[in-house]
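The next block holds one structure in the form of structure tokens; read it before the comments.
2 protein chains.
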Amino acid sequence: MNIGEIARRAGVSRSTVSYALSGKRPVSDETRRKIQDVIDELGYRPNASARALANGRTSTIGLVFPPAGNHYTGMQLDFIGSVVEAAAAHDYDVLLSPSGVDSDRSFQRLLGERRVDGAILMEIRLEDDRADHLAALDFPAVAIGRTAHPESGWWVGLDHTALAAACVHHLADLGHRRVAFVNRPEQLLRAGYESAHRGLDGFTKAAAERGLTVRTYCCGDDAASGQACLEQILHDDPATTALVTLNEAALGGLYRGLSQAGRHVPRDFSVTGVVAGRWAETVTPQLTAADVPAEEMGRRAVDLLIERLDHPGAPPRHHLLAPPISLRASTGPAGGTPSA
Amino acid sequence: MNIGEIARRAGVSRSTVSYALSGKRPVSDETRRKIQDVIDELGYRPNASARALANGRTSTIGLVFPPAGNHYTGMQLDFIGSVVEAAAAHDYDVLLSPSGVDSDRSFQRLLGERRVDGAILMEIRLEDDRADHLAALDFPAVAIGRTAHPESGWWVGLDHTALAAACVHHLADLGHRRVAFVNRPEQLLRAGYESAHRGLDGFTKAAAERGLTVRTYCCGDDAASGQACLEQILHDDPATTALVTLNEAALGGLYRGLSQAGRHVPRDFSVTGVVAGRWAETVTPQLTAADVPAEEMGRRAVDLLIERLDHPGAPPRHHLLAPPISLRASTGPAGGTPSA
DNA sequence: TGAAGGAGTCGAACCGGTTCGACTCATCGC
DNA sequence: GCGATGAGTCGAACCGGTTCGACTCCTTCA
């Protein structure tokens, strides 16, 4: 069941078996065939730990994902799925690492104990100690999201600034003048999550540019918070006629709040934002939104990481994506019905 | 940076360092302190591959999850998150394995190459070759779901039969007489997915028991399919006043279909089913449903697996869960408005 | 015809840990 | 005063691969 056993049965040395498998030195056809027969017969597969120990590569990448205590959003699910799939295509496995409460500990496991060849980071912050740490170690990593200093790193990012601005322009073009912004939870904003910050930034600037009256809100990642947030919005300014949101998980709650306030979407109230496409389609009316290309981002992150692993010392590369707004059914001209 | 370096700097042998770390043999306080100082100074962590090679355990469990080509449902996301979290609590990492198109290949990676100590299987089928294969190998595995022969295995399951029946009884108690069942996609039913089969079974039997008129449907895992399915239901029997579904991802589409057909939930039409709680709460009105305790199931699966790893040869254990129906807002008495 | 070179193979060292047997040295009981 | 006991330590073997250097043939070409 190990390489020695194969060698014995095939009547060759262990190194010959190794070379027959790796092809790193020539092996005669006859020998190769004999070895292959034994391998097929016994169903032999080389031990991954031994191989990793010998050649220093684990063929595994780490996926560092958000604290498990929080809810996961559908977008994160899409990232995970696409990363696993893309990694498999390159013959890499994916090790999940919760960068939760004790993020140091799991980092130590991944890097210190050499469990992975490289890492993909999710839920990036503008000032991200994990990213800094990895950069300082020159450890092969790719971020999904970009820090405040994006030039020096490897990442795949979404241009949240531009996307939020595009949402504002879309609403302004439809004649909306009083618009709310529903962000991720306050605790994430305080922690410096880049999507929350850049999205807010893009929203604010574009709104100023178009002379809109705006209010901005943080909202928990669940339906109940979304509903509460919407009540607050209408309480603070009943004349609000539209909102932009980054908060996928709150979307259902926002819709519920609107429906209970008697505002029809899109006749009385327009909703748009930045959300993964398949989740935008689950609500009624379907959400007009900048669709987060989660699958593409995961795939590109893996491709970049593989490239970095294959070419150590290569200069940093990155992709900044800015998908267009998909027009669905949740936005319409302002003033269909004057607000109560 | 390896154990020999630590030993050299501390002026002891490699084995002493190993014993100081593992505690498997006594080491004097003074020696232990010297070693610890060196370790702290250098930030040493033992190499996981070397350790795995030497003691035969990787401290990693494999999570075999569904084909990536399909959409993931929120429930699956919850499983993944809770499994990772529970595994971390036991000092295990989680390796994701897509059991996709080429499920043999990734199985070979996991088991043949000894990348994991044990495995957790998701999306179980009644006749599940993966489960059979693992059982034949006596490989430590725990299924989330149960096959047609549940006595012999380790698993954490949901009593879909009872849950679907409970939904039927709930609707029958409210006076509904014509009820539809919306299952997972036909391809999954054909493949023998246990939740689809047992759920259908429980629905059919309970409906017969209560003398209901029923139709059953398969429905794709997305909103568009849900909407189409609902149109079909009302086309086939416009007098239908309620439905039971196992299809979380189609839920938004079903609601949209109802709304577009002018059926108000719950006044004209009741909806219930088996869905993870936090997703039941994102739709409006919130879904009265048997809440899938995804988090608990993931946690219990990990606990069982750890137990099995720690006590090889222990007799099979399992948990069959049957959470009660959470009454929310999507069901009501039949006949509120006679159907058009 | 003999040196050069390449194909094919082997043995040994190595990767970085763990663990077993053996050794030394105190301590203790009789 | 001496053997038994156990704490503390070391060296060597081992886990299962990879890789380097060296060796043997067999061709090829001067």
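Residue numbers (full-length UniProt numbering), protein chains in the order written: chain A, 1 to 340; chain B, 1 to 340. Glycine is no exception: its CB is placed at the ideal position from the N, C-alpha and C atoms. Remember, predicted model here, so these are calculated numbers, not experimental data.
- Contacts with chain A (Cβ-Cβ distance below 8 Å) from the segment 108–125 of chain B involve 108, 109, 112, 113, 114, 115, listed in chain order.
- Rounded to the nearest whole angstrom, the CA to CA distance from residue 243 of chain B to residue 77 of chain A is 28 Å.
- A Cβ of chain B is located within less than 8 Å of the beta carbon of residue 281 of chain A.
- One finds 95, 96 in chain B with Cβ atoms closer than 8 Å to the Cβ of residue 94 of chain A, taken in chain order.
- Neighbours of residue 306 of chain A in chain B, taken as residues at a C-beta separation under 7 Å, are lacking, since the least C-beta distance is about 17 Å.
- With contacts defined as CB atoms closer than 8 Å, residue 318 of chain A and residue 192 of chain A fail to qualify as a contacting pair.
- Three or more beta-carbon pairs separated by less than 8 Å link the segment 160–180 of chain A to the segment 193–211 of chain A, which places the two stretches in contact.
- At least one C-beta of chain A is nearer than 8 Å to the C-beta of residue 222 of chain B.
- Relative to residue 289 of chain A, the option among A/84, A/164, A/7, A/104 whose CA is nearest is A/164.
- Put simply, the CB of residue 326 of chain A is far from chain B, with every gap to its CB atoms at 8 Å or more.
- Using a Cβ distance threshold of 8 Å, residue 253 of chain A and residue 225 of chain A count as a contacting pair.
- Closer than 8 Å to the CB of residue 77 of chain B there is at least one CB belonging to chain A.
- DSSP places residue 139 of chain B in the coil class of the three-state scheme, outside both helix and strand.
- Each residue's CA atom was taken as its position, placing residue 131 of chain A and residue 231 of chain A some 38 Å apart.
- The segment 139–147 of chain B makes contact with the segment 113–121 of chain B, as at least three CB pairs between them are under 8 Å.
- Ranked by Cα distance from residue 106 of chain B, the options A/36, A/97, A/93, A/104 are led by A/93.
- Look at the beta carbons and you see the segment 301–318 of chain A touching the segment 80–87 of chain A: at least three pairs across the two are nearer than 8 Å.
- Inclusion of residue 88 of chain B and residue 66 of chain A in the CB contact set at 8 Å is not warranted, their separation being larger than that value.
- For the alpha helix (DSSP H) assignment, the uninterrupted runs of no fewer than 4 residues enclosed by the segment 201–273 of chain B are, from N- to C-terminal side, 223–236, 251–260.
- Within the segment 131–150 of chain B, no residue places its CB atom closer than 7 Å to a CB of chain A.
- Per DSSP, the continuous beta strand (DSSP E) segment holding residue 288 of chain A begins and ends at 288–292.
- Note: residue 276 of chain A is bridge-paired with A/292 in the DSSP secondary-structure output.
- Looking only at B/286, B/277, B/238, B/48, the smallest Cα-Cα distance to residue 255 of chain B is reached by B/286.
- By the Cβ neighbour-count rule, residue 47 of chain A is buried, with 16 or more other Cβ atoms within 10 Å of its own.
- Proximity of the segment 12–27 of chain A to the segment 4–13 of chain B falls short of the contact definition, fewer than three beta-carbon pairs being nearer than 8 Å.
- Straight across, the Cα-Cα distance linking residue 298 of chain A with residue 328 of chain B is about 36 Å.
- Under the Cβ criterion of 8 Å, residue 46 of chain B is counted among the residues facing chain A.
- Secondary structure at residue 27 of chain B: coil, using DSSP grouped into helix, strand and coil.
- Per DSSP, the continuous beta strand (DSSP E) segment holding residue 179 of chain A begins and ends at 178–183.
- The continuous stretches of alpha helix (DSSP H) do not include residue 119 of chain B, which lies in the beta strand (DSSP E) extending over residues 118–121.
- Of the candidates B/173, B/95, B/72, B/40, the residue whose Cα lies closest to the Cα of residue 62 of chain B is B/95.
- Contact with chain B is absent for residue 18 of chain A, since none of that chain's Cβ atoms lies less than 8 Å from the residue's Cβ.
- Residues are counted here when their Cβ sits less than 7 Å from a Cβ of chain B; for the segment 260–293 of chain A these are 278, 281, 282, 283, 284, given in chain order.
- In this structure, DSSP gives residue 284 of chain B a state outside helix and strand, which the three-state scheme calls coil.
- Residue 60 of chain A: not part of any alpha helix (DSSP H); member of the beta strand (DSSP E) spanning 60–65, first to last residue.
- Residue pairing for residue 93 of chain B: DSSP places it in a beta bridge opposite B/60.
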